[in-house]
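Chains as they are written, first to last, in UniProt numbering: chain A, 1 to 130; chain B, 1 to 130; chain C, 1 to 130; chain D, 1 to 130. Where a beta carbon is used, it is the ideal one built from N, C-alpha and C, also for glycine. Just so it is clear, the structure is predicted and the values come from calculations on it, not from any experiment. Written out below as structure tokens is the structure these notes cover.
Protein chains: 4
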Amino acid sequence: MDINDKDKVNEKYFSNLSSRERAIFEGAISMGALFHQFIGTPVSLKSADSLQKAIEESIKLQPGVKKIKVRINPHILAELDTEFEYTSLTGDMLDVELHCDFKKTRAVIRMNFIPDLNYPLMYVESIKEE
Amino acid sequence: MDINDKDKVNEKYFSNLSSRERAIFEGAISMGALFHQFIGTPVSLKSADSLQKAIEESIKLQPGVKKIKVRINPHILAELDTEFEYTSLTGDMLDVELHCDFKKTRAVIRMNFIPDLNYPLMYVESIKEE
Amino acid sequence: MDINDKDKVNEKYFSNLSSRERAIFEGAISMGALFHQFIGTPVSLKSADSLQKAIEESIKLQPGVKKIKVRINPHILAELDTEFEYTSLTGDMLDVELHCDFKKTRAVIRMNFIPDLNYPLMYVESIKEE
Amino acid sequence: MDINDKDKVNEKYFSNLSSRERAIFEGAISMGALFHQFIGTPVSLKSADSLQKAIEESIKLQPGVKKIKVRINPHILAELDTEFEYTSLTGDMLDVELHCDFKKTRAVIRMNFIPDLNYPLMYVESIKEE
Numbered sequence: 001m002d003i004n005d006k007d008k009v010n011e012k013y014f015s016n017l018s019s020r021e022r023a024i025f026e027g028a029i030s031m032g033a034l035f036h037q038f039i040g041t042p043v044s045l046k047s048a049d050s051l052q053k054a055i056e057e058s059i060k061l062q063p064g065v066k067k068i069k070v071r072i073n074p075h076i077l078a079e080l081d082t083e084f085e086y087t088s089l090t091g092d093m094l095d096v097e098l099h100c101d102f103k104k105t106r107a108v109i110r111m112n113f114i115p116d117l118n119y120p121l122m123y124v125e126s127i128k129e130e
Numbered sequence: 001m002d003i004n005d006k007d008k009v010n011e012k013y014f015s016n017l018s019s020r021e022r023a024i025f026e027g028a029i030s031m032g033a034l035f036h037q038f039i040g041t042p043v044s045l046k047s048a049d050s051l052q053k054a055i056e057e058s059i060k061l062q063p064g065v066k067k068i069k070v071r072i073n074p075h076i077l078a079e080l081d082t083e084f085e086y087t088s089l090t091g092d093m094l095d096v097e098l099h100c101d102f103k104k105t106r107a108v109i110r111m112n113f114i115p116d117l118n119y120p121l122m123y124v125e126s127i128k129e130e
Numbered sequence: 001m002d003i004n005d006k007d008k009v010n011e012k013y014f015s016n017l018s019s020r021e022r023a024i025f026e027g028a029i030s031m032g033a034l035f036h037q038f039i040g041t042p043v044s045l046k047s048a049d050s051l052q053k054a055i056e057e058s059i060k061l062q063p064g065v066k067k068i069k070v071r072i073n074p075h076i077l078a079e080l081d082t083e084f085e086y087t088s089l090t091g092d093m094l095d096v097e098l099h100c101d102f103k104k105t106r107a108v109i110r111m112n113f114i115p116d117l118n119y120p121l122m123y124v125e126s127i128k129e130e
Numbered sequence: 001m002d003i004n005d006k007d008k009v010n011e012k013y014f015s016n017l018s019s020r021e022r023a024i025f026e027g028a029i030s031m032g033a034l035f036h037q038f039i040g041t042p043v044s045l046k047s048a049d050s051l052q053k054a055i056e057e058s059i060k061l062q063p064g065v066k067k068i069k070v071r072i073n074p075h076i077l078a079e080l081d082t083e084f085e086y087t088s089l090t091g092d093m094l095d096v097e098l099h100c101d102f103k104k105t106r107a108v109i110r111m112n113f114i115p116d117l118n119y120p121l122m123y124v125e126s127i128k129e130e
């Protein structure tokens, strides 16, 4: 069996999931991947654009990911750049919106810092049949 | 709102997911996290036990993860240790079984190298109401 | 040429470095590796011991590393565990002492949070012919 | 003391190193950092440019790094893209040349895959007073 023969792989390994569940599954893997791959990367106001673009282009390669928007909070960077010249990327700086499709279902997975929780939360912002 | 006040967080951010979907969501995040946090770690036959244990204990902290078993393939390590004394952890070496619960649903997420696909696949091995 | 035939590799690629310089070179690579491999790992007071041990055993595999002591600050973990149940490993929590030998020279590389600098600094704590 | 008051930091923490040793120390940290931060990133022929640029811009923020050239081997990507659509970045694909200065000394640190060793080696390609 070929990993790129998606019909056969789906039938053998994913027949226990609905389209909604599969879109959530693949999108969530990619969000966990994004966080743990890039947290710790040196970043400054000046380098943020290239890092955002590289995160977007790499995560867009993952299964089902159709669209992704990554924003590194420039206000946090501006403060940290002043104190230390640059800093390490943390979850608090990230706002990510990731669209993951399976068949006709699109799950929009979001991670952003929720001031009310004082925490960068990952959640499903919306999910629907298209 | 407190991030640890789970009822309020669930109501506000996760009311669009069923218990099955939520168990899949959290388990998939943790599997993506595991892969991208630890891939690249120097490893040998001698150090594999401590790395397996640290992966298990760190990923068990993630939301919903109740149980996790990580195995680094000793046969691959034995071959690579002979050639290079040690190697970098890759997906091909990993076999992970992760149990993620939400309310009465348990999703068992698996990652292992599938020889037939020549690929380390992440999938939902089983999911059920308990 | 075999990567484990150290005399030949040294002669071809490292003849421009003194023993002091080589011990510093290898030790510094390992300290940079440690930081960027493990930053972001989920950690709590309960899991800190297994993570410390896995970091020590994996980094001890790197060229020249003879001894390493990793300590994750329990006071920071205690505070963060109370607020969020667990946290992500950051440089501020780490105190690492790494002994890297080349021939008769031992370089002791240190990383720890320096309150006076408000920064986790990497530096050569001592270096001498043994 | 301020981390950006480089004269005071140098005097207190780095007075035991020559300019050559300091250039080697900082360059080696950055090379170890690069490897362990970015190994495992999803990459394809199409995304390689943005990843190369983000690696360059982030590592250029590290102390002493004045110039850096990162190349991800397109031949390896071309082969892997055919088989799996994309792959995970490994050390074998990387060719990095990093110029690290301290005072009048420049160390050129290199990492590239050495076919004769079957290994991606980090070494000091050249070092001199300018």
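Where residue i falls: helix, strand or coil (DSSP)
| i | result |
| --- | --- |
| I55(C) | helix |
| Y123(C) | strand |
| I109(B) | strand |
| K128(A) | strand |
| S88(D) | strand |
| residue 133(B) | Nothing can be reported for residue 133(B), as the shown portion of chain B is limited to 1 through 130. |
| I76(C) | helix |
| K60(B) | coil |
| K46(B) | coil |
| D68(C) | Asp is not the amino acid found at residue 68(C); the sequence shown has Ile there. If DSSP states are grouped into helix, strand and coil, I68(C) belongs with the strands. |
| F14(A) | coil |
| D81(D) | helix |
| D101(A) | strand |
Exposure label - residue i; buried when at least 16 CB within 10 Å
| i | result |
| --- | --- |
| S15(B) | exposed |
| A48(A) | buried |
| P115(C) | exposed |
| E56(B) | buried |
| K69(C) | exposed |
| K104(D) | exposed |
| R71(A) | exposed |
| E79(A) | exposed |
| H83(B) | The amino acid at residue 83(B) is misidentified as His; the sequence shows Glu. By the 10 Å Cβ count, E83(B) comes out exposed. |
| P63(C) | buried |
Cβ shell of residue i (< 6 Å), same chain only, five flanking positions each side left out
| i | result |
| --- | --- |
| S44(C) | D81, Y86 |
| E97(B) | K69, R110 |
| E130(D) | K104, R106 |
| D95(C) | R71, N112 |
| M122(B) | M31, M111 |
| N73(C) | M93 |
| A54(D) | none |
Neighbourhood of residue i by C-beta distance below 7 Å, restricted to the same chain and skipping five residues each side
| i | result |
| --- | --- |
| A107(B) | A23, I24, G27, C100, V124, I127 |
| K67(A) | H99 |
| R20(C) | T105, I127 |
| Q52(C) | V70, R71, I72 |
Interface flag, residue i vs chain C, CB-CB below 9 Å
| i | result |
| --- | --- |
| A48(D) | no |
| A33(D) | yes |
| L117(D) | yes |
Proximity test, Cβ basis, 9 Å: residue i and chain A
| i | result |
| --- | --- |
| L80(D) | no |
| S30(C) | no |
| S88(C) | yes |
| E130(D) | no |
| L83(C) | Correcting the residue type first, residue 83(C) is Glu in the shown sequence and not Leu. E83(C) counts as touching chain A. |
| H99(C) | no |
| G27(C) | no |
Any chain B beta carbon closer than 9 Å to residue i
| i | result |
| --- | --- |
| L51(C) | yes |
| R71(A) | no |
| R106(A) | no |
| G64(D) | no |
| N4(C) | yes |
Any non-hydrogen atom of the ligand COA within 8 Å of residue i CB
| i | result |
| --- | --- |
| K8(C) | Annotation note on the ligand COA: not contained in the displayed structure, which lists no ligands. |
Residues of its chain near residue i, where Cβ-Cβ distance is below 8 Å and the 5 sequence neighbours each way are ignored
| i | result |
| --- | --- |
| L77(A) | V43, S44, L45, A48, T87, M93 |
| R91(C) | The question names Arg, but residue 91(C) in the sequence shown is Gly. If we look at G91(C) and ignore the five residues flanking it on each side, its Cβ neighbours are F35, I39, M111, F113, P120. |
| D5(B) | none |
| D2(C) | K8 |
Cβ of residue i within 9 Å of any chain D Cβ
| i | result |
| --- | --- |
| I59(B) | no |
| I39(B) | yes |
| I55(A) | yes |
| P42(A) | yes |
9 Å Cβ cutoff, residue i in contact with chain F
| i | result |
| --- | --- |
| S47(A) | In the displayed structure, chain F is absent; the protein chains listed are A, B, C and D. |
- Item | Cβ pair count under 8 Å reaching 3, the stretch 4-14 of chain D against the stretch 29-37 of chain D | no
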